[in-house]
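Q: Numbering (UniProt numbering) for the sequence shown: 1 to 318.
Every residue, glycine too, gets a C-beta built ideally from N, C-alpha and C.
Computed from a predicted structure; not experimentally measured.
Here it is, the structure in full.
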Amino acid sequence: MTLTTRITRLLDIEHPIIQGGMSWASSNAALALAVSQAGGLGVIAAGPMYPDALRAAIRDVREGTAHPFAVNVPLYNKRAAEFLDIVLEERVPIIIASQGGPKAHIARFKAAGVTWIQVTANPLHAKKAEEAGVDAVIAVGYEAGGHPGPEEVGTVVLVRSTVKAVSIPVIGGGGIADGAGIASMLALGASAALLGTRFLLTPESGLHQAYKDAVLQARVNDTAVVGKGRSPIRMVKNAFSAAYAAAETAGADNEALDALFAGSSLKLAALDGNVDQGKIEAGQSAGLIDTLEPAGQLVARLMRETEAAIAELRDAIN
């Protein structure tokens, strides 16, 4: 079975699988290269990278595959202007923009023939992004790791409402770890699925092994959203998340909560391996994953599972 969708046609990729742009996990060439070479869309996460490192990673991916790939740029980042320039200078075919609007930037990217995909928090934002001229939007539900939507809308409702709100292709994500999840996004009207946590549990992701082990051990109820009302993150529960929850319960003021939140970081867990005090960003789908698997092999398996799930649905209605 060949799954050709609006996204596979738009991006010129073989499979409707998008690897999430995850700080540190995909802030390198290895993961994006493996996913793109296997027929999905590999994504370099620019966020924590220095400009020279981003440029080098882009060149490494391009040298390793003729297939399309993308760079994720968080537009709030203090280095966002440099990242955007590098995307253009290095002729990256696809940009995935998050945490900021596209209006101020999109014209020069469209003029250069770059496909612009915008991460949106709700259907209204998706509609505004469409009006600004983006080519596709990503809708990621509350089950996802990292920074979930502040409105706490689950994946099924968010993806379906976004599909109904816009005419451009939609990519759905949040809580997806296997082919059944990918098939569910297609059933909701999305044209591809975004997988983050599943791809961070690969040998190619640039995370400390202790981080990967913590995610592998997590069950579906072992994540928590920490820092609601600030810059909330979904992470695997640990000593830091427990201390934060205890402080909230005890009625700590905003200053104390801010200090506690700022005392931990993703880098502390991702690079240093401190999985007690660092922020182990991961989604609820961690509970569906029990193995590390090479990214290229993973893409192939996900597609076999997706095809099997679709076949089962067909059999069920015949």
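Could you check if P203 is buried or exposed, using at least 16 other CB atoms within 10 Å of its CB as the buried criterion?
A: exposed
Q: Can you check DSSP and say which residues form a bridge with L195?
A: Q19
Q: When you compare each of A136, V220 and G206 to L33 by their alpha carbons, which one comes out closest?
A: Scanning A136, V220 and G206 for the CA closest to the CA of L33 turns up G206.
Q: Between the C-alpha atoms of P102 and V137, what's the straight-line distance to the nearest angstrom?
A: The alpha-carbon of P102 is positioned some 11 Å away from that of V137.
Q: Please confirm if the stretch 289 to 305 is in contact with the stretch 156 to 173, defined as three or more CB-CB distances below 8 Å between the two stretches.
A: no
Q: Please state whether DSSP places Q118 in a helix, a strand or coil.
A: strand
Q: State the beta-bridge partners of V140 as determined by DSSP.
A: G173
Q: For A243, tell me which candidate among S231, A259 and T8 has the shortest Cα-Cα distance.
A: A259
Q: Can you tell me which of A30, E255 and S36 puts its alpha carbon nearest to the alpha carbon of I13?
A: Closest option to I13, Cα to Cα, is S36.
Q: Cβ of G283 within 9 Å of Cβ of E143?
A: In this structure, the beta-carbon distance from G283 to E143 falls below 9 Å.
Q: Can you check whether the CB of I18 is closer than 9 Å to the CB of G39?
A: For G39 and I18, no; Cβs fall outside 9 Å.
Q: Of all the options A214, V166 and E82, which has the alpha carbon lying nearest to the alpha carbon of T197?
A: A214
Q: When you compare each of N318, S161 and K110 to A126 by their alpha carbons, which one comes out closest?
A: S161
Q: Using the DSSP secondary-structure output, state which residues sit across from N72 in a beta bridge.
A: A45 and I96
Q: Could you tell me which residues DSSP puts in a beta bridge with G146?
A: R234
Q: Tell me where the beta strand (DSSP E) around A224 begins and ends.
A: For A224, the uninterrupted beta strand (DSSP E) run begins and ends at T223 to V226, by DSSP.
Q: What first and last residue would you give for the alpha helix (DSSP H) that runs through E125?
A: Position check: residue 125 holds His in this sequence, whereas Glu was assumed. Taken as a continuous stretch (DSSP letters only), the alpha helix (DSSP H) holding H125 covers P123 to A132.
Q: Have a look at the DSSP bridge pairing and note the partners of E281.
A: M235
Q: Using a threshold of 8 Å, is the CB atom of E281 nearer than that to any non-hydrogen atom of the ligand HEM?
A: Among the components modelled here there is no ligand, and therefore nothing to report on the ligand HEM.
Q: When the Cα atoms are used, what is the spatial distance from A111 to H105?
A: 11 Å
Q: Could you give the first and the last residue of the continuous alpha helix (DSSP H) run that contains R314?
A: A295 to I317
Q: Sorted by chain position, which residues of the same chain lie with C-beta nearer than 7 Å to L271's C-beta, five sequence neighbours on each side aside?
A: W24 and H208
Q: Among M185, G146 and I317, which has the Cα closest to the Cα of G227?
A: G146
Q: Would you check if the stretch 174 to 183 and the stretch 298 to 313 touch, i.e. whether three or more CB-CB distances between them fall below 8 Å?
A: yes
Q: Grouping DSSP H, G and I as helix and E and B as strand, with all else coil, what is G179?
A: The three-state reading of DSSP puts G179 in helix, counting H, G and I together.
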